[in-house]
Amino acid sequence: MDYNYYQIEQKWQKYWLENRTYAAENGSEKPKFFGLVEFPYPSGQGLHVGHARPYTAMDVISRKKRMEGYNVLFPIGYDAFGLPTENYAIKNHIHPAIVTETNVSNFRRQLQMLGYSFDWDREVNTTDPSYYKWTQWIFLRLFKKGLAYKASMPVNWCTSCKIVLANEEVVDGVCERCGGEVIRREKSQWMLAITKYADRLIDDLDDVDFINRVKLQQRNWIGRSEGTELVFGTTAGDSLTVYTTRCDTLFGVTYMVLSPEHPVLEQWKARIANWDDVAAYRDEAAHKSDFERSELNKDKTGVMLQGVRAVNPATKEEIPIFVSDYVLMSYGTGAVMGVPGHDQRDWEFATKFGLPIIEVVRGGDITKEAFTLKDDTGVMVNSGFLNGMTVKEAIPAMRDWVTAQGIGHPKTNYKLRDWVFSRQRYWGEPIPLVNCPCCGWVPLPEDQLPLLLPEVDSYEVTDTGESPLSKMTDWVNTTCPKCGGPAQRETDTMPQWAGSSWYFLRYMDPHNDEAFAGKDALQYWSPVDWYNGGMEHTTLHLLYSRFWHKFLYDEGLVPTKEPYAKRTSHGMILGEGGEKMSKSRGNVVNPNDIVAQYGADTLRVYIMFIGDFTKAAEWSAKAVAGCRRFLDRVWNLCSVVRTGDELSKANEKEIHRTIQKVTQDIDQMKFNTAIAQMMSLVNQMYGGEPSRGDIRILLQLLSPFAPHMAEELWQLQGFEGLASLSAWPEFDESKTVDSEKTIAVQVNGKLRSTVVVPADSDEKTVLAAALADKKIAGYAEGMDIVKTILVPNKLLNLILKPKK
RNA sequence: GCCGGUGUGGCGGAAUUGGCAUACGCAUGGGACUUAAAAUCCCAGGCCGCGAGGCAUACGGGUUCGACCCCCGUCACCGGCACCA
0 MDYNYYQIEQ
10 KWQKYWLENR
20 TYAAENGSEK
30 PKFFGLVEFP
40 YPSGQGLHVG
50 HARPYTAMDV
60 ISRKKRMEGY
70 NVLFPIGYDA
80 FGLPTENYAI
90 KNHIHPAIVT
100 ETNVSNFRRQ
110 LQMLGYSFDW
120 DREVNTTDPS
130 YYKWTQWIFL
140 RLFKKGLAYK
150 ASMPVNWCTS
160 CKIVLANEEV
170 VDGVCERCGG
180 EVIRREKSQW
190 MLAITKYADR
200 LIDDLDDVDF
210 INRVKLQQRN
220 WIGRSEGTEL
230 VFGTTAGDSL
240 TVYTTRCDTL
250 FGVTYMVLSP
260 EHPVLEQWKA
270 RIANWDDVAA
280 YRDEAAHKSD
290 FERSELNKDK
300 TGVMLQGVRA
310 VNPATKEEIP
320 IFVSDYVLMS
330 YGTGAVMGVP
340 GHDQRDWEFA
350 TKFGLPIIEV
360 VRGGDITKEA
370 FTLKDDTGVM
380 VNSGFLNGMT
390 VKEAIPAMRD
400 WVTAQGIGHP
410 KTNYKLRDWV
420 FSRQRYWGEP
430 IPLVNCPCCG
440 WVPLPEDQLP
450 LLLPEVDSYE
460 VTDTGESPLS
470 KMTDWVNTTC
480 PKCGGPAQRE
490 TDTMPQWAGS
500 SWYFLRYMDP
510 HNDEAFAGKD
520 ALQYWSPVDW
530 YNGGMEHTTL
540 HLLYSRFWHK
550 FLYDEGLVPT
560 KEPYAKRTSH
570 GMILGEGGEK
580 MSKSRGNVVN
590 PNDIVAQYGA
600 DTLRVYIMFI
610 GDFTKAAEWS
620 AKAVAGCRRF
630 LDRVWNLCSV
640 VRTGDELSKA
650 NEKEIHRTIQ
660 KVTQDIDQMK
670 FNTAIAQMMS
680 LVNQMYGGEP
690 SRGDIRILLQ
700 LLSPFAPHMA
710 EELWQLQGFE
720 GLASLSAWPE
730 FDESKTVDSE
740 KTIAVQVNGK
750 LRSTVVVPAD
760 SDEKTVLAAA
770 LADKKIAGYA
780 EGMDIVKTIL
790 VPNKLLNLIL
800 KPKK
């Protein structure tokens, strides 16, 4: 009988779906396992083999957990708000909801085609009003706690399309669609105060099992830095505050620099003799994009203020103040003290403008470059009371001094910025706030949620940069929920990150219309036990969702501080030739084609066998065929009805080893070696007659990887129930060991021969066996055995020296 | 520049508290079956050498009875951040 993968896969997919085989149970007495994969953005291109890798991996893990007796929640959904859909809708004059519907159907069909054991009763879709009701509800909680606020923020503005662009639409400083100039423009935006959670987002990483590079990347992204804020007096009679991590170098400060956006400039306008130059420099900086401003850090530019100078509090000397765009308004205080001897950027600036460079830490050659080491290498000089100290000693000494003088204090800064939460787009969650001339921003009452997206005629953004919703005057004009007076709705929508920040919670209780999820469901399923996803989501999605979850925890709405107990990450699937798969390169592999040609089980086995799960892997059409060959061999071996429910003598040992290896490897995501071991077992079984008992175990181990075939053969052999719900086999370690061992024999560290001895033989026995070996005897001839090293059951090393 | 990762046959990759390097698969060669081919099944193989043996885990050192593995240095590639004071 041939392996008819098409019929078999159709049959079992239909069976699983109709019988709700993999539905998770709320309120079960069983231990739970919540395995999570990143839900897809349902693009028009459909599922990509890149999706198949992480999805198959977590499916394998979930299927094994189910067989191990867990109540498994393995859900899927769609993160369906987003730009590509909106752009497609604009271009083709189709409502984005309809585009989404079509794409979702396609994704669902493809996911089912791959035999994933998702609980299809729990599918979620972020664009569904019954879902985004709760996204809006959580936003309002944030708003009520003061964590959502309005601020003027720069946006990317395409001067030719006259629209606001997302960062990813700005390519090399120009508009991705038209190539037009992109400038920074201030716009009032909703912000979320994620920086208030910065410390906890760092510190709580100690309590979760995330792979190290995720933790590191999040820590670096948050960028906590411990330093000092210092106040400098000015000749204008006011003061200027700077942030520094090197307060020890205060005696070496020879100038100050302000960011072009620094507000003090306006205050000093009347005093600044060269105001025209300063204003011109400021305008020029404003017209530079972020890209231009940060791209070339080679040449420092700036203008010295005429008429205002600062005073170094340590030396009491007057020093000049500059404006320069190498200082960022968005970090620290927007002003820095210039220490050209010990900061490379300051060194370049001072060299260009001919400013004095003072050495205050001895140890380098400051005529060539700044000396920046912060360890014990340098010694303080030219620094009054700090002289003779190391930098490590001088930092706290100076911090104490400025604190005592009342001109400074310790301060922690972060690179992390607050989250810009507004988008001037149609296809996103409406922000449920009303702007009332009397009451200000007023949240919609809960019973008015969800605030639905209105039907609009055009999804095009306006040429003023406002959201398309702003043209809907019927929708925009409303009454204030507080005072009943005329008021206007917010017309910006939420970013795509909103819906994905809490979706894992909805899976726990997806049909609840009283709450985003019920208390019992949250208590039972929290936290997510294992979340696998791409490294590209480390600093945005993963951080945002941890932030929301911590907020919900503070509100008493979820039971755990952290949403995910464990986070792992997969490598990318590259096209043949080792390049990233892309439409333009024409190297995209469509899962539909592979399934049509070889079947879903082959695709699953191949994508798990392709290489180390955590590393990038190159697609190989030939190697796919090899995996199909393996499944054919399994089919030919197992489609013959066998006899004997006990394990066969010939295969028993290898079977126990395989159970052990597959069990351990799946837990460590070493899927490739688990499959290699099953291949070896099958190779061995070809050498003899496997019993029905042998086959049973093989099918169970194979079931997570090739579930359709395993199920079919299970039925064919007449085993009870479903392979995928059978109890995961256990191994007996004592049955995995050999009674005889092959011992490597080395002479002076080089392998010279091998001998076979009973397991656990002592040194004497092994040595005797070794000396009985012709080759070893030859080496030992005329030599003294100086030393022997035995690694039990593995190796014997003889150290020989010529006899005297 | 800073942070992290990786480097093993013709190819994808195995092997870690330091103990037989190259499992498994692809490609290749040989054999069986076949009128023949495909498919299938079996066997072989790091490189050099007739052989004894020698040389091999990016490169150069070191520690060790013994190093793909640990330490020091160098190179290459990949990812993240990047004027963060």
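The first sequence begins at 0 in numbering that gives the first Met the number 0 and counts up one residue at a time.
No residue lacks a Cβ here, since even glycine has one placed at the ideal position from N, Cα and C.
None of the values given here were measured: they were computed from a predicted structure.
Residues bridged to residue i (per DSSP)
i      : result
Lys470 : Lys470 pairs with nothing; no bridge assigned.
Tyr530 : Leu35, Arg566
Glu240 : Per the sequence shown, residue 240 should be read as Thr rather than Glu. DSSP, once it has assigned bridges, lists Val230 as partnering Thr240.
Pro262 : DSSP output for Pro262 lists no bridge partner at all.
Ala309 : Thr233, Ile318
Pro409 : Thr227
Trp418 : Leu191
Gln667 : None; Gln667 has no bridge partner.
Gln487 : Asn434, Asn476
Met303 : Phe321
Asn796 : Gln745, Ile788
Met782 : Pro801
Proximity of residue i and residue j at Cβ, strictly below 7 Å
i      : j      : result
Ala22  : Asp118 : yes
Tyr242 : Gly226 : yes
Ala88  : Pro590 : no
Leu528 : Phe33  : Before going further, note that residue 528 is Asp rather than Leu in the sequence given. Cβ atoms of Asp528 and Phe33: closer than 7 Å.
Leu691 : Gly625 : One detail in the question is off: residue 691 reads as Arg in this sequence, not Leu. No; because the gap between Cβ atoms is not below 7 Å, this pair is not in contact.
Gly377 : Val359 : no
Ile520 : Met571 : At residue 520 the sequence reads Ala, which differs from the Ile that was named. Their beta carbons are not under 7 Å apart, which means Ala520 does not touch Met571 by this criterion.
Val307 : Thr234 : yes
Trp426 : Phe80  : yes
Ser106 : Leu35  : What sits at residue 106 in the sequence shown is Phe, not Ser. Not closer than 7 Å, so no.
Pro558 : Ser525 : yes
Ser116 : Asn70  : no
Val455 : Ile162 : no
Phe704 : Val59  : yes
Tyr543 : Pro74  : no
Phe420 : Trp133 : no
Phe370 : His341 : yes
Asn102 : Gly43  : yes
Gly251 : Ile357 : yes
Trp220 : Thr601 : no
Leu698 : Ala722 : yes
Gly464 : Gln423 : yes
For residue j and residue i, believed in contact at Cβ under 8 Å, the rounded distance
i      : j      : result
Asp78  : Gly498 : 6 Å
Ala309 : Ile320 : 5 Å
Val441 : Pro480 : 5 Å
Asn649 : Gly687 : The amino acid occupying residue 649 in the given sequence is Ala; Asn does not appear at that position. With a Cβ gap of about 4 Å, Ala649 and Gly687 count as contacting.
Met336 : Met255 : 6 Å
Met708 : Trp634 : 7 Å
Val754 : Asp772 : 6 Å
Val816 : Gly301 : Residue numbering for the chain in the displayed model covers 0 to 803; residue 816 lies beyond these limits and cannot be assessed.
Arg62  : Ser702 : 7 Å
Thr739 : Ala758 : Thr is not the amino acid found at residue 739; the sequence shown has Glu there. That belief holds up - the Cβ atoms of Glu739 and Ala758 are roughly 6 Å apart, short of 8 Å.
Leu799 : Glu762 : So it is not a contact: roughly 16 Å between Cβ atoms.
Exercise for the section: Kindly provide the ranges of any beta strand (DSSP E) runs that are 3 or more residues long and lie completely inside the segment 318-399, ordered along the chain. Expected result: 334-337
Practice task
Kindly confirm or deny that the segment 467-481 and the segment 490-497 touch, where touching means at least three C-beta pairs closer than 8 Å.
Solution key: yes
Problem - Three CB pairs or more closer than 8 Å across the segment 391-400 and the segment 242-260 - result: yes
Exercise for the section: Determine, using beta-carbon pairs with one atom in the segment 549-556 and one in the segment 589-603, whether at least three such pairs fall under 8 Å. Expected result: no
Handout entry: Length-filtered (3 minimum) beta strand (DSSP E) runs lying within the segment 34-111
Key = 70-72
Handout entry: Runs of alpha helix (DSSP H) lying entirely within the segment 680-763, each at least 4 residues, in chain order
Key = 691-701, 706-715
Exercise for the section: Go through the segment 111-167 residue by residue and report every complete run of the beta strand (DSSP E) that reaches 3 residues or more, in order. Expected result: 147-157, 162-164
Practice task
Assess, as a yes-or-no matter, whether the segment 257-271 is touched by the segment 431-439 under the definition of 3 or more beta carbon pairs within less than 8 Å.
Solution key: no
Practice task
Specify whether the segment 713-720 and the segment 663-672 touch according to this definition: at least 3 beta carbon pairs, one from each stretch, less than 8 Å apart.
Solution key: no
Handout entry: Entirely enclosed alpha helix (DSSP H) segments - the segment 554-629, minimum 4 residues
Key = 590-597, 599-608
Exercise for the section: For the segment 202-216 and the segment 559-567, state whether three or more C-beta atom pairs, one from each stretch, are separated by less than 8 Å. Expected result: yes
Handout entry: Inter-stretch contact (C-beta, 8 Å, three-pair minimum) for the segment 735-749 and the segment 789-796
Key = yes
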